[in-house]
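Single-structure report; data block below.
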Amino acid sequence: MVLVLAVQWHWHGSPQRGQSLHASGQERQGAGSIWQQQVARPSGQRLETDLQARYASAKWLLPMIDGLKQRSLAGDAEASYLLSRIYNDCTWYFDPQMMDLSAMPAEQRSAKYRSTAWMGQRCEGIDGNEAALAWGRYRRVAADQGVLAAQVEDVFEGTRAYGEPKLSPADQKRVIELALSAQDPYAYLALSRALGYSGDGAMAALSPYPAGTQADSAAWMLAACDRGLPCGADSPLLHQLCATGSMCGAGSVAEALGLSMSPEELDHARARAAWLLRNSGRRPPQP
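Okay, structure coming up:
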């Protein structure tokens, strides 16, 4: 799976639109109190605009940053979220010249070089250290401005980075239910990254939702692709799976996931993804 760098960064911004999923002050002391409210998501927060398409197809991201920063300061939630994605993309990736790839099959090795070159061109001029800090900062801004995907990331990853109390399993399940209800592919992708392998078995408490295994993580990613996330041969996600890992040589994200799992695991992931899609838009019953 795509590896992400957790950074410690506090962003003190007031919500300009929407509602944050994070509690603050006395709300943190009362478990679950924030979940008595629904997240208000302004129209357009589904990130299905031309700006999102520009991000997905951009060969070079640096020229987008200044304009996005101006829009973010003006309260544009989508711009804030795309900044978090750009900086996350460009935090790090492997340099194949520094690695011994001799054991990798030739086709996968060639794909590795292509994807790392693609990432290098896309992130040219963006400092990795700056990106590591800015990623979390803009994610929190986007969450405060009402972007559900950023809120999901902030709940599952930001609590560790900011030292906030970890949500109870019941509250985590409510976050998952909000994402399913919204049918937001970017929120599904955030859950894919958050609900993967857990060595302590704690994610079993999130049943019936897929959580705790690589196949569960893949299920959320497959569901995100089915809901409209770019997952084709030249998509950012596919290049990231190869450039930051070893899922290389595939023509789609679905094919790439099959490179890292057994046929049985992939079948399980597909079945769980289908279950998510069947139950999106409402609270899923026990499968």
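Note that numbering that gives the first Met the number 0 numbers the sequence shown so that position 189 is 188, with each residue one more than the last. Beta carbons are placed, not taken as given, at the ideal position from N, Cα and C, and that holds for glycine.
In three-state DSSP terms, what is residue i?
i	result
Y208	coil
Y112	helix
Y185	helix
Y92	coil
P41	Its pLDDT being 37, under 50, P41 is placed unreliably by the model, and the measurement read from it follows with that caveat. In this structure, P41 counts as coil in the three-state DSSP scheme.
D99	coil
L20	Residue confidence is low: L20 scores 46 on pLDDT, short of 50, so the model does not pin down where it sits. Its coordinate-derived value is still stated next. Reduced to three states, the DSSP call for L20 is coil.
V174	helix
S180	helix
S167	coil
E152	helix
G280	coil
L50	helix
A57	coil
E106	helix
A130	helix
I125	coil
A73	coil
Q144	coil
G29	Unreliable positioning characterises G29 in this predicted model, as indicated by a pLDDT of 31, which lies under 50. The coordinate reading is nonetheless provided below. In this structure, G29 counts as coil in the three-state DSSP scheme.
In terms of alpha-carbon separation, which member of the options lies closest to residue i?
i	options	result
L132	A189, H238 and I85	I85
Y92	M118, M63 and V174	M118
T90	L50, Y187, G250 and A242	A242
R139	V154, P62, D126 and V174	V154
Q144	A218, M63 and S71	S71
R136	S83, G231 and L190	S83
C247	T115, E77 and M63	T115
D94	L50, A189 and K111	K111
A273	A223, M98, A186 and D49	A223
R173	D49, R53, R281 and L61	R281
A149	R192, G127, E123 and P164	R192
E77	S197, M97 and Y54	Y54
E123	L258, M63 and G257	M63
Would you grab the beta carbon distance between residue i and residue j for me? Rounded to a whole angstrom, and I think it's under 8 angstroms.
i	j	result
W59	R113	The pair is not a contact, with the Cβ atoms about 16 angstroms apart (cut-off 8 angstroms).
A183	L205	Sequence inspection shows Asp at residue 183; the Ala mentioned does not correspond to that position. With a Cβ gap of about 18 angstroms, D183 and L205 do not count as contacting.
A141	S79	4 angstroms
L179	N278	7 angstroms
P209	A218	4 angstroms
R269	L236	Wrong, their Cβ atoms sit about 17 angstroms apart, outside the cutoff.
L240	A255	5 angstroms
V151	L190	6 angstroms
A232	G250	5 angstroms
I125	L61	6 angstroms
L287	L81	Given a span of 0 to 286 for the chain in the structure shown, any question on residue 287 remains unanswerable.
For residue i, verify whether its CB is less than 7 angstroms away from any heavy atom of the ligand GDP.
i	result
A52	Annotation note on the ligand GDP: not contained in the displayed structure, which lists no ligands.
Item to check | At least 3 beta-carbon pairs within less than 8 angstroms: the region 264-275 vs the region 204-218 | outcome: yes
Checklist entry - With contact counted as at least three CB pairs below 8 angstroms, one residue from each stretch, are the region 124-140 and the region 166-186 in contact? => result They do not touch, by the three-pair rule.
Next on the checklist: Across the region 218-228 and the region 95-108, are there enough close Cβ pairs to call them in contact, namely three or more that are closer than 8 angstroms?
Outcome noted: no
Next on the checklist: List, from N- to C-terminal side, the alpha helix (DSSP H) runs of 4 residues or more that fit wholly inside the region 195-278.
Outcome noted: 213-225, 235-242, 252-258 and 262-278
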